[in-house]
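What follows is a short report on a single structure.
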Amino acid sequence: MKGKSFLWQNKRLMAHILFRHRDIPDINKLDVYKKNGGFAALKNAVTKMKPAEVTDVVKNSGLRGRGGAGFPTGMKWSFMDSKSWPHYVLANADESEPGTFKDREIMENNPFQFLEGVALASYAVGANLAYVYLRGEFWQVAAFLDEKLAEMEDAGYLGENLFGTDYSLKIHTHLGAGAYICGEETALMESLEGKRGQPRVRPPFPPSVGLYGKPTVINNVETLTNVPLILANGADWYKSMGTADSAGVKIFSLSGRVRKPGNYELPFGTTFRQLIYENGGGVQDGRPVKAIMPAGASSSLIVVDDKTLDTPMDYAFVRTLGADLGSASVIVIDDTVSIDWVINKTIHFFKHESCGKCTPCREGNYWMRHLTERIHSGNGYSTDVDLLLNVAKQMQGKCLCALGEFSTMAVVTGIERFPQDFKKAVKA
Amino acid sequence: MLLEKYPKEVKQILSKYPPEHKRSAVMPLLYLAQREEGYVNKAAMQDIAQLLDVTETEVASIVGFYTLYHDEKAGKYRMQVCTDLPCALRGADEFLNNLCANLGVKVGETTEDGLVTIESVMCLAACDKAPMFQTQGPDGIKYHENMTVDRTMELIEALKKVKE
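These protein sequence lines are chains Z and G, in that order.
The numbering of the first sequence is the numbering used here, which starts it at 6 and goes up by one.
The numbering of the second sequence is the numbering used here, which starts it at 629 and goes up by one.
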């Protein structure tokens with residue numbers, strides 16, 4: 006763990022960076038946001054900094070994408086093709102991973118910080134038009150953001166000639182309509198173009214060919230919400246939090262069998278034990294934790310022992326447990342739950358959400374669903390478990406996007422790491 | 629015709645996208661088209677196809693792909709209960725079963741008065757507030773979190789009193 010900032014004492018939060026509404030309840034009002042330093046970073050950037058300088062600060066801060074992939078944000082921005090115009094910025098607010106519910110809390114309560122982040126990203130890559138793509142279920146959130154965007158426009162933080170410069174920016178919301186796949190960056194672009202949300206072949210990547218065939222930066226809501234404070238306080242300030250591998254703070258969405266499920270904003274490097282027991286109040290009925298899915302339904306299942314619980318949560322450390330931190334949606338499973346039931350649930354989800362473009366994912370999830378259902382209902386044989394594992398492994402590495410791959414993670418790790426649960430579930 | 633019925637809304641929707649990419653407006657226009665009846669009828673699909681210079685088949689494929697568009701009439705409100713893993717770990721399956729038993733319907737069915745259709749849906753990003761569901765109706769989509777069957781029955785009583 007590196008040096009602690011004044012914000013932290015014994016890894017406890019003194020003041021939030023993303024969930025500032027928890028410290029300043031009215032921060033969703035424009036004047037309150039402004040009084041607390043709001044839009045100063047945007048004004049400073051647009052009037053005093055070159056776009057590339059904004060990108061450099063973000064690059065130096067070590068900020069990595071919070072949607073799951075953990076790709077360095079500033080580096081992504083610097084990839085934008087400067088020979089092809091116009092440029093676009095997209096905020097990915099499609100939040101649909103089972104176990105993830107953090108972006109909604111940001112948008113509902115600290116909307117201006119998020120939107121200022123969108124504006125800063127837009128300025129950094131020279132975009133004059135940005136969209137916030139929200140999942141269709143966030144109907145009320147989109148209406149709320151529309152109000153906030155209008156307020157920003159009235160106050161001169163969006164629109165033509167910002168702060169008297171020649172830079173102009175429009176931000177619009179766009180509602181999806183119920184498709185998990187649209188959280189995948191290229192499927193999101195297809196969807197925004199008015200098509201079925203099916204992923205594109207990559208390369209080319211969005212910074213070369215994105216929305217409407219033009220260079221596009223796409224970032225998760227939480228990622229963008231970090232940006233105004235990084236610009237205001239500097240890259241070193243941000244890097245002073247978290248770990249060497251993963252700088253800064255992360256929102257952990259804690260769900261499942263815990264006493265106090267919810268979102269917890271903590272520095273990277275916080276251990277699973279601190280999250281589950283100190284923040285989440287421990288497991289319901291005092292049961293032991295049996296398994297953890299650190300990245301929602303897309304996650305590998307981690308076998309839980311003392312060593313697991315004391316593992317610091319950052320992108321690199323979680324990998325040592327044979328899983329990815331992803332979007333940090335930590336689902337806690339206790340010893341009353343059988344893993345064959347867990348994977349039946351996750352495959353039910355993925356079978357429904359497979360977009361149908363790649364055969365291994367479309368057909369594989371269909372057959373995996375038949376097998377998990379048969380096993381879970383008590384009608385399966387041990388050969389069904391072997392077949393399920395076989396189908397899952399055949400899917401891996403054969404799909405255009407990560408959905409196909411992710412759908413197999415809990416199945417493979419569930420069978421390999423919790424064999425006793427499957428032995429119990431099947432007939433001889 | 630959509631354009632005649634909602635001229636202001638259509639114009640506002642189209643203004644969000646570059647004119648050469650007006651096809652992007654298909655999703656908001658579909659929401660507009662199903663506002664009144666709760667589903668998109670064939671005439672509206674033709675209408676949208678014409679407005680955006682795309683084929684009717686392409687519009688229909690969008691309706692078919694996304695779960696929040698419907699091409700068939702259901703109850704005035706669709707009550708969509710999340711039963712994915714995190715919600716199920718907090719009793720969402722039992723909640724859905726008990727709710728159905730209370731209403732005397734199965735999942736996918738509509739109450740006799742045509743008010744509510746019960747559906748089981750995928751993750752709604754409210755895992756810490758399960759059991760939960762959303763209602764999709766004439767006034768858009770609303771979340772209802774930390775629900776019990778009793779509170780849901782009260783909500784249904786309140787929905788009965790909502791006038792168009």
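Cβ coordinates follow ideal geometry from the N, Cα and C atoms, glycine included.
Original post:
Along the segment 632-643 of chain G, what residues have a CB closer than 8 Å to any CB found in chain Z?
Top reply: Result list empty, no residue passes.
Subject >> Of the listed residues Z:Val390, Z:Arg292 and Z:Ala98, nearest to Asp108 of chain Z (C-alpha basis) >> reply: The residue with the shortest Cα to Cα distance from Asp108 of chain Z is Z:Ala98.
Original post:
With respect to the alpha helix (DSSP H) encompassing Tyr128 of chain Z, which residues constitute its N-terminal and C-terminal limits?
Top reply: Unbroken alpha helix (DSSP H) run through Tyr128 of chain Z: Pro116 to Val130.
**OP:** Please check the pair Gly768 of chain G and Leu743 of chain G, which I expect to be a contact at CB under 8 Å, by giving their CB distance rounded to whole angstroms.
**Re:** 17 Å between Cβ atoms; not a contact.
Subject >> Beta-carbon proximity check, Trp253 of chain Z vs Leu68 of chain Z, cutoff 8 Å >> reply: The sequence as given places Gly at residue 253 of chain Z; Trp does not occur at that position. Their beta carbons are under 8 Å apart, which means Gly253 of chain Z touches Leu68 of chain Z by this criterion.
Original post:
Taking one C-beta from the segment 723-734 of chain G and one from the segment 666-685 of chain G each time, how about it: are there three or more such pairs within less than 8 Å?
Top reply: Contact fails: fewer than three Cβ-Cβ distances are below 8 Å.
Original post:
If you run the structure through DSSP and keep just helix, strand and coil, what is Val335 of chain Z?
Top reply: Strand at Val335 of chain Z.
**OP:** Output yes if chain Z places a C-beta closer than 8 Å to the C-beta of Leu713 of chain G; else output no.
**Re:** So yes, Leu713 of chain G belongs to the interface.
**OP:** Per DSSP, which residues does Met298 of chain Z bridge with? Please list them.
**Re:** Paired residue(s): Z:Ile336.
**OP:** Would you mind giving the Cβ-Cβ distance between Gly70 of chain Z and Asn224 of chain Z, rounded to the nearest angstrom? I have them listed as a contact below 8 Å.
**Re:** Between Asn224 of chain Z and Gly70 of chain Z the Cβ distance is about 6 Å, and since that is below 8 Å, they are a contact.
Original post:
Applying the criterion that 16 or more other CB atoms from any shown protein chain within 10 Å of the CB defines a buried residue, is Met781 of chain G buried or exposed?
Top reply: With fewer than 16 other beta carbons inside 10 angstroms of its own, Met781 of chain G counts as exposed.
Original post:
What number of angstroms, rounded off, separates the C-alpha of Leu437 of chain Z from the C-alpha of Tyr136 of chain Z?
Top reply: For chain Z, the structure presents residues 6 to 433; residue 437 of chain Z sits outside this window and is missing.
Original post:
DSSP state of Phe277 of chain Z, grouped into three classes?
Top reply: Here Phe277 of chain Z sits in helix by DSSP.
Original post:
Out of curiosity, what's the CA-to-CA distance linking Met80 of chain Z and Gly122 of chain Z?
Top reply: Here the C-alpha atom of Met80 of chain Z lies approximately 16 Å from the C-alpha atom of Gly122 of chain Z.
Original post:
Between Arg292 of chain Z and the rest of its own chain, which residues show a CB-CB distance below 8 Å, the 5 nearest in sequence each way excluded?
Top reply: Take Arg292 of chain Z, set aside five residues on each side of it, and the residues of its chain with a beta-carbon closer than 8 Å to its own are Arg262, Asp339, Asp340 and Thr341, in chain order.
Subject >> Pro424 of chain Z (DSSP reduced to helix, strand or coil) >> reply: It is helical.
**OP:** Between the Cα of Leu717 of chain G and those of Z:Leu150, Z:Pro103, Z:Trp90 and Z:Pro91, spot the shortest distance and give me the residue it belongs to.
**Re:** When each option's Cα is compared against that of Leu717 of chain G, the closest is Z:Pro103.
**OP:** Measure how close the beta-carbons of Leu280 of chain Z and Met318 of chain Z come, nearest whole angstrom, since I'm counting them as under 8 Å.
**Re:** With a Cβ gap of about 7 Å, Leu280 of chain Z and Met318 of chain Z count as contacting.
**OP:** Determine, using beta carbons only, whether Val347 of chain Z comes closer than 8 Å to chain G.
**Re:** Closer than 8 Å to some Cβ of chain G, the Cβ of Val347 of chain Z qualifies, so yes.
**OP:** Decide if Thr776 of chain G is buried, meaning its Cβ has at least 16 other Cβ atoms within 10 Å, or exposed.
**Re:** Flag for Thr776 of chain G reads exposed.
**OP:** Reducing DSSP to helix, strand and coil, say where Leu763 of chain G ends up.
**Re:** Reading off the sequence shown, one finds Thr at residue 763 of chain G, where the question assumed Leu. In the structure shown, Thr763 of chain G sits in a strand (DSSP, three-state: E or B).
Original post:
Can you find a heavy atom of the ligand PLP that lies under 7 Å from the Cβ of Ala192 of chain Z?
Top reply: In the structure shown, the ligand PLP is absent, as is every other ligand, since no ligand is present at all.
Original post:
Less than 8 Å separating the beta-carbons of Ala147 of chain Z and Val222 of chain Z?
Top reply: Going by C-beta atoms, Ala147 of chain Z is not nearer than 8 Å to Val222 of chain Z.
**OP:** May I have the straight-line CA-CA distance separating Gln14 of chain Z from Arg779 of chain G, to the nearest angstrom?
**Re:** Low per-residue confidence applies at Gln14 of chain Z: pLDDT is 44, beneath 50, and the placement is therefore not dependable enough to give any value.
Subject >> Against chain G: residues of the segment 201-222 of chain Z by CB proximity under 8 Å >> reply: Answer in chain order: Arg201, Gly202 and Tyr217.
Original post:
What three-state label does DSSP hand Gln662 of chain G in the structure shown?
Top reply: Three-state DSSP puts Gln662 of chain G in coil, outside helix and strand.
Original post:
If we call anything under 8 Å between Cβ atoms a contact, is Leu696 of chain G one with Gly141 of chain Z?
Top reply: Cβ atoms of Leu696 of chain G and Gly141 of chain Z: closer than 8 Å.
Original post:
Alpha carbon to alpha carbon, what distance is there between Glu421 of chain Z and Tyr172 of chain Z?
Top reply: Answer to the nearest angstrom: the Cα atoms are 55 Å apart.
Original post:
Cα-Cα, which of Z:Trp144, Z:Phe44 and Z:Leu392 is closest to Glu156 of chain Z?
Top reply: Minimum Cα distance to Glu156 of chain Z is reached at Z:Phe44.
Subject >> 8 Å Cβ cutoff met for Ala124 of chain Z and Pro56 of chain Z >> reply: Cβ distance not < 8 Å, so Ala124 of chain Z and Pro56 of chain Z don't count as in contact.
Original post:
Measuring CB to CB, does Leu234 of chain Z end up less than 8 Å from Ile22 of chain Z?
Top reply: The criterion of a C-beta distance shorter than 8 Å is satisfied by Leu234 of chain Z and Ile22 of chain Z.
Original post:
At a CB-CB cut-off below 9 Å, which residues of chain G make contact with Thr262 of chain Z?
Top reply: This sequence places Arg at residue 262 of chain Z; Thr is not what is there. Within chain G, the C-beta atoms nearer than 9 Å to that of Arg262 of chain Z come from Leu717 and Arg718, in chain order.
**OP:** Counting only the same chain and skipping the five closest in sequence on each side, list residues whose C-beta sits under 8 Å from that of Thr230 of chain Z.
**Re:** Once the five neighbours on either side are set aside, the close Cβ partners of Thr230 of chain Z are Leu23, Ile111, Asn115, Gln118, Phe119 and Gly122.
Subject >> Distance between beta carbons of Leu330 of chain Z and Val337 of chain Z, contact taken as under 8 Å >> reply: With a contact defined as Cβ atoms closer than 8 Å, Val337 of chain Z and Leu330 of chain Z miss out at about 15 Å.
Subject >> Extent of the continuous beta strand (DSSP E) run through Ser387 of chain Z >> reply: Not the beta strand (DSSP E): Ser387 of chain Z falls in the alpha helix (DSSP H), residues Ser387 to Met400.
**OP:** Reducing DSSP to helix, strand and coil, say where Arg379 of chain Z ends up.
**Re:** Secondary structure of Arg379 of chain Z (DSSP, three-state): helix.
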